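Participant: Residue numbers (my numbering): 18 to 155.
Can you read through this structure? Questions will come right after.
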């Protein structure tokens, strides 16, 4: 397993089992998450089929992260998130899930500030501003 793509929070590992999640067509991936891993509320334009391989995987629906409103799934648990359904997830301990869907896989965060790809861009902008002297270094 390699590092998960930048659209997911850092710390997870991902292995492609079949297809190519970046291209049109069916794909299957496995995602290994560390303890305490959280994916903020987001949507996908295609259905997401989730199977828990090991550990405990928690998932909730809505545009606010609320652990009390989530559903716990253990090994063997299965859920389908329809296209456009706002949802979020977290793992209290290491877990492995399998995700199957139709590519290309796209993740859109409800709050753009939660998107790790934006955090990377914000860090680059901050670094450029510090280097240019526009803002003082910390």
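By construction, the Cβ of each residue, glycine as well, lies at the ideal position given by its N, Cα and C atoms.
Note that the coordinates shown come from a computational prediction; the quantities given were computed from them, not determined experimentally.
Compare the Cα-Cα distances from residue 73 to each of 66, 61 and 95 and report the closest residue.
Facilitator: Of the candidates 66, 61 and 95, 95 places its Cα closest to the Cα of residue 73.
Participant: Using C-beta distances below 6 Å, list every residue in its chain close to residue 45, excluding the 5 sequence neighbours before and after it, in chain order.
Facilitator: 34, 35 and 117
Participant: Going by alpha carbons, who is nearest to residue 28 out of 55, 62 and 76?
Facilitator: 55
Participant: Can you tell me which residues form a DSSP beta bridge with residue 66?
Facilitator: 97 and 117
Participant: Does the region 71-85 come close enough to the region 93-111 that 3 or more CB-CB pairs lie under 8 Å?
Facilitator: yes
Participant: Answer yes or no: do residue 32 and residue 24 have a C-beta to C-beta separation smaller than 9 Å?
Facilitator: no
Participant: Please report how far the alpha carbon of residue 120 lies from the alpha carbon of residue 88, in whole angstroms.
Facilitator: Cα to Cα, the separation comes out at about 26 Å.
Participant: Where residue 136 and residue 22 are concerned, what is the direct C-alpha to C-alpha distance, given to the nearest angstrom?
Facilitator: Each residue's alpha carbon lies about 14 Å from the other.
Participant: CB residue 130 to CB residue 99, shorter than 9 Å?
Facilitator: no
Participant: Less than 9 Å between the C-beta atoms of residue 16 and residue 69, yes or no?
Facilitator: Because the chain here runs from 18 to 155, residue 16 falls outside it and cannot be looked at.
Participant: What is the DSSP secondary structure of residue 158, reduced to helix, strand or coil?
Facilitator: Outside the displayed span of the chain (18 to 155) sits residue 158, for which this structure offers no information.
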